[in-house]
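Here is the structure we will look at.
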Amino acid sequence: MKPCNKVSEDARLECKEALANFKDQKTKRTELLQEIGMGPTSKHESALSKTIGTLGSGSGSGSGEPIPRGPMDKFTTSQPRQSTLNSKWKQEERKEVCRKIGRFMYSKGLPFNIVNDPYWFPMIDVVANFEPGFKPPSMHELRT
């Protein structure tokens with residue numbers, strides 16, 4: 001593949017600058033993640049990756065280990081698992097929590113990409129691990 005000869009020099013420079021800015025932003029983000037303890041050298045990385053892996057699996061109960069697949073598996077069907085009432089209740093409960101978080105963000109005009117912030121997941125994780133009677137901080141506590 002060769003570069004297009006019809007592109008103006010301004011457009012070419014703009015593309016080069018955009019690529020350079022992207023690389024700079026990526027390095028700054030990884031430095032920030034390492035600084036707050038969420039980078040690749042973090043001790044929390046293994047726990048975080050396990051948590052993220054279990055959140056996305058959706059396979060219900062089980063060991064969490066991936067089932068090895070072979071060439072014959074595409075010709076066979078696995079037995080469907082019966083869903084429990086508790087799992088359905090948890091799904092509904094999670095939907096309600098997500099709705100309330102979304103409603104809060106919408107009412108305050110917060111962008112939804114705020115969940116990509118490196119501080120978002122640790123905050124949600126700590127709140128979720130706290131006991132059910134968690135009293136949220138006041139405005140004055142957050143300001144100091």
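Each residue of the sequence shown is one higher than the last, beginning at 1 in the UniProt record's numbering.
Idealized CB from N, CA, C, for every residue including glycine.
Rounded to whole angstroms, what is the Cα-Cα separation between residue i and residue j?
i, j, result
"residue 150", "K23", "For the chain, the structure presents residues 1 to 144; residue 150 sits outside this window and is missing."
"Q91", "R99", "12 angstroms"
"V97", "P132", "14 angstroms"
"L110", "S138", "19 angstroms"
"S8", "H140", "55 angstroms"
State the CB to CB distance for the pair residue i and residue j, rounded to an integer number of angstroms; the pair is presumed to be in contact (CB under 8 angstroms).
i, j, result
"I114", "M123", "The pair is not a contact, with the Cβ atoms about 11 angstroms apart (cut-off 8 angstroms)."
"L32", "P136", "The Cβ separation is near 26 angstroms, so there is no contact."
With residue i as the anchor, note down where its alpha helix (DSSP H) starts and where it stops.
i, result
"I124", "120-129"
"N21", "9-35"
"L142", "139-143"
If we cut at 8 angstroms on Cβ distances, does residue i have a partner in chain C?
i, result
"H140", "Absence of chain C from the displayed structure is noted, only one protein chain being present."
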